[in-house]
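A.B. asks: My structure is below; once you've seen it, I'll send some questions.
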Amino acid sequence: MLDASKIRADFPILSRQVNNKPLVYFDNAATSQTPQAVIDSIVDYYSNYNANIHRGVHRLSQEATDKYEMARQKIQAHFNAKHTHEIIFTSGTTHSINLVANGFTSLLEKGDEIIVSALEHHSNIVPWQMLCERTGAILKVIPMNIEGDLEMDAYDMLLSNKTKLVFVNHISNALGTINPIEYIIEKAHEVGAAVLIDGAQACPHVKPDVQALDVDFYVASAHKMCGPTGVGMLYGKEEWLKKLPPYQGGGEMIAEVTFEKTTYADLPHKFEAGTPNICGGIAFGAALDYMNNIGFDNIATYENELLTYATEQLENIEGLKIYGTAKHKTSVISFNLEGIHPYDVGTILDKLGIAVRTGHHCAQPIMDFYCIPGTVRASFAFYNSKAEIDVLVAGIKKAKMMLS
Ligand code: PMP
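Here it is in structure tokens:
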């Protein structure tokens with residue numbers, strides 16, 4: 001069982017005040033907070049072994065290289081990838097998706113079809129639109145229903161031998177819906193299409209097994225799972241990573257360079273041009289250690305309790321409408337107060353020390369579907385508490401009174 005009050009002590013930021021009120025941090029879907037163990041790993045790197053990796057014979061460079069490659073192994077183990085070289089360090093989910101989208105430019109032909117879902121983050125829409133512009137491929141969209149679930153019958157109808165790629169997020173950042181990715185992957189493979197799963201919102205809550213999923217690409221950002229910003233990962237099946245051309249050229253990604261011809265390094269370095277976020281990669285590994293220590297089963301059970309409790313409390317507020325009521329969802333609640341702009345609610349909550357996100361959450365098509373400009377989004381992590389949810393509920397009631 002998870003003891004949230006003990007866990008909270010691991011996060012220095014959670015004891016700060018905002019507007020003379022204790023911080024209530026409910027913007028976890030945007031970025032998670034950082035435990036002391038991860039902060040320590042960052043301080044340790046810059047205090048003790050800051051050096052460039054892979055090329056140095058000196059001690060510091062070797063220590064940094066060992067720790068960086070150890071972090072890659074931790075990521076491999078966490079996602080259960082078959083090979084360490086199937087894990088590519090990137091600057092985050094957006095970078096990972098663009099790397100794959102760019103790689104497919106030479107593999108697609110005019111008239112090929114790409115399927116995305118109505119629940120995507122902009123970073124899983126725009127790179128594919130750009131890919132379609134480059135190749136003449138056509139973008140198709142799996143529709144959603146009012147509960148915020150994807151329409152799987154419609155997905156079945158969209159699939160054909162023209163489908164070359166399918167891109168879906170594992171969990172929606174705007175609504176919290178957990179998508180049926182096992183089914184999506186299986187059906188895509190039946191028509192010979194490759195699948196990329198955007199795990200940015202899933203990885204703080206679940207531990208994906210890329211081999212059991214048989215997924216072709218899986219991407220995530222460290223900053224959503226207790227790690228630092230500016231670092232993330234791309235898992236790709238070896239056969240796909242070998243097929244894709246490099247994304248960027250530069251140092252680190254070459255085998256040999258002459259002015260006549262350059263040959264590329266083996267995986268994973270082929271996709272890792274330039275000096276990477278060394279400290280970030282190592283801290284990503286420390287974040288995985290921290291979360292695995294708590295245990296993802298414990299995290300899921302506790303966060304579900306928070307979600308149920310908060311949903312019940314919020315549903316009792318007259319005029320409050322929750323968007324996204326899927327049966328399978330994580331600890332994200334998107335809502336609006338009748339007749340009140342989400343930004344105004346967020347501003348009053350901030351005055352009370354409560355951090356929520358307001359707006360379209362980089363998922364404008366979802367807001368268009370509901371014909372709203374945006375929502376207020378409260379997203380909970382394993383270090384939040386029911387007492388904090390009570391503070392949120394009181395804050396929303398106050399905002400409603402002031403703005404009605
Ligand atoms: N996909 C989803 C589902 C997300 O929630 C986010 C972050 N909000 C991203 C992609 C982009 O992640 P990053 O900004 O870390 O690249």
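Just so you know, the sequence shown maps onto residues 1 to 404 in full-length UniProt numbering.
Where is the CB? At the ideal position from N, CA and C, for every residue including glycine.
1) Extract the residue ranges of the beta strand (DSSP E) inside the region 110 to 143, only unbroken runs of 3 or more that lie entirely within it.
2) Does the Cβ of Q129 lie closer than 7 angstroms to at least one heavy atom of ligand 1?
3) Rounding to the nearest angstrom, what Cα-Cα distance links L23 and R357 in this structure?
4) Which ranges would you report for the alpha helix (DSSP H) in the region 21 to 52 if only whole runs of at least 4 residues count?
5) Below 8 angstroms, can you find three or more Cβ-Cβ pairs linking the region 24 to 32 to the region 345 to 365?
6) Rank E182, D350, K110 by C-alpha distance to the C-alpha of N19 and give the top, closest one.
7) Return the chain-ordered list of same chain residues with a C-beta closer than 8 angstroms to the C-beta of I254, the five sequence neighbours on each side being excluded.
8) One question on the structure: do A399 and V345 come within less than 8 angstroms of each other, judged by their Cβ atoms?
9) Grab me the residues of L60's own chain with a C-beta within less than 8 angstroms of its C-beta, minus the 5 sequence neighbours each way, in chain order.
10) So N124 and Y247 are supposed to be a Cβ contact under 8 angstroms. How far apart are they, rounded?
11) Run the proximity test for G353: is its beta-carbon closer than 7 angstroms to any non-hydrogen atom belonging to ligand 1?
12) Should T93 be counted as a contact of ligand 1 given a C-beta to heavy atom distance under 7 angstroms?
13) Whose C-alpha, out of L159, D149, N98, is nearest the C-alpha of M130?
14) Select from V43, L175, A202 the residue whose C-alpha is nearest the C-alpha of T375.
15) By the three-class DSSP mapping on this structure, what secondary structure does N316 have?
16) Can you give me the start and stop residues for the beta strand (DSSP E) that Y383 sits inside?
17) Under 8 angstroms by Cβ, that's how I've got H83 and E238 pegged, so tell me the actual separation to the nearest angstrom.
18) Give me the Cα-Cα distance between I7 and I42, rounded to the nearest whole angstrom.
19) Determine which residues share a DSSP beta bridge with S221 and list them.
20) Across which residues does DSSP place D198 in a beta bridge pair?
21) Verify whether the separation of the beta carbon atoms of M233 and P204 is less than 8 angstroms.
22) Between G199 and Y323, is the Cβ-Cβ spacing less than 8 angstroms?
23) Determine the extent of the alpha helix (DSSP H) in which G103 is found, giving its start and end residues.
24) Say whether the region 152 to 162 touches the region 333 to 348, bearing in mind that this needs 3 or more beta-carbon pairs closer than 8 angstroms, one atom from each stretch.
25) Nearest CA to the CA of A273: which residue from F89, G250, N292?
26) Along the chain, where does the beta strand (DSSP E) containing Y370 start, and where does it finish?
27) According to the neighbour-count rule (16 or more other Cβ atoms, all chains shown, within 10 Å of its Cβ), is Y46 buried or exposed?
28) Helix, strand or coil: how does DSSP classify S334 here?
29) With distances taken from CA atoms, which of I39, T229, G236 is nearest E86?
30) In three-state terms, what does DSSP make of R377?
31) With which residues is L150 paired in a DSSP beta bridge?
32) Residue range of the beta strand (DSSP E) that V257 falls in?
33) Can you name, in chain order, every residue of its own chain whose Cβ lies under 6 angstroms from the Cβ of A283, other than the five neighbours on each side?
34) Could you check if E190 is buried or exposed, using at least 16 other CB atoms within 10 Å of its CB as the buried criterion?
35) Should G227 be listed as close to ligand 1, given that the test is whether its C-beta is under 7 angstroms from any heavy atom?
36) Measuring CA to CA, which of E133, N179, K243 is closest to P143?
C.D. replies: Quick look at the numbers:
1) Fully enclosed beta strand (DSSP E) runs of no fewer than 3 residues occupy 113 to 117, 138 to 142 of the region 110 to 143, in order along the chain.
2) The beta carbon of Q129 sits no closer than 7 angstroms to any heavy atom of ligand 1.
3) L23 and R357 have their C-alpha atoms roughly 14 angstroms apart.
4) The qualifying runs are 36 to 44.
5) Three or more beta-carbon pairs separated by less than 8 angstroms link the region 24 to 32 to the region 345 to 365, which places the two stretches in contact.
6) It is D350 whose Cα lies nearest to the Cα of N19.
7) Cβ neighbours of I254 beyond the five flanking positions: T262, T263, Y264, A265.
8) Taking 8 angstroms as the Cβ cut-off, A399 and V345 qualify as a contacting pair.
9) Y49, N50, A51, listed in sequence order.
10) In this structure N124 is not in contact with Y247, their Cβ atoms being roughly 17 angstroms apart against a cut-off of 8 angstroms.
11) In this structure, G353 has its beta carbon at no less than 7 angstroms from each heavy atom of ligand 1.
12) True, at least one ligand heavy atom lies under 7 angstroms from that Cβ.
13) Ranking L159, D149, N98 by Cα distance to M130 puts N98 first.
14) Closest option to T375, Cα to Cα, is L175.
15) DSSP, read as helix, strand or coil, puts N316 in coil.
16) Where Y383 is concerned, there is no enclosing beta strand (DSSP E), given that its DSSP letter is neither H nor E.
17) With 8 angstroms as the limit, H83 and E238 qualify as a contact, their Cβ atoms being about 6 angstroms apart.
18) Roughly 20 angstroms separates the two Cα atoms.
19) S221 pairs with G232.
20) Beta-bridge pairing links D198 to N169, V219.
21) Contact: no.
22) Against a cut-off of 8 angstroms, the Cβ pair of Y323 and G199 comes out as no contact.
23) That run of the alpha helix (DSSP H) goes 93 to 103.
24) Judged by Cβ distances under 8 angstroms, the region 152 to 162 makes no contact with the region 333 to 348, as fewer than three pairs qualify.
25) Of F89, G250, N292, the residue nearest in Cα terms is G250.
26) From DSSP, Y370 is part of no beta strand (DSSP E) but of the alpha helix (DSSP H) over 364 to 370.
27) It is exposed - the Cβ of Y46 has fewer than 16 other Cβ atoms within 10 Å.
28) Looking at S334 - three-state DSSP - the assignment turns out to be strand.
29) For the set I39, T229, G236, the Cα lying nearest the Cα of E86 is the one of G236.
30) It is a strand residue.
31) BP columns for L150 point to M144.
32) Residues 254 to 257.
33) Taking C-beta separations shorter than 6 angstroms and ignoring five residues to either side along the sequence, the partners of A283 in its chain run V38, S41, I42, G227, P228, following chain order.
34) Counting Cβ neighbours within 10 Å, E190 comes out exposed, since fewer than 16 surround it.
35) Checking every heavy atom of ligand 1 against the Cβ of G227, none is found closer than 7 angstroms.
36) Per the C-alpha coordinates, the member of E133, N179, K243 positioned closest to P143 is N179.
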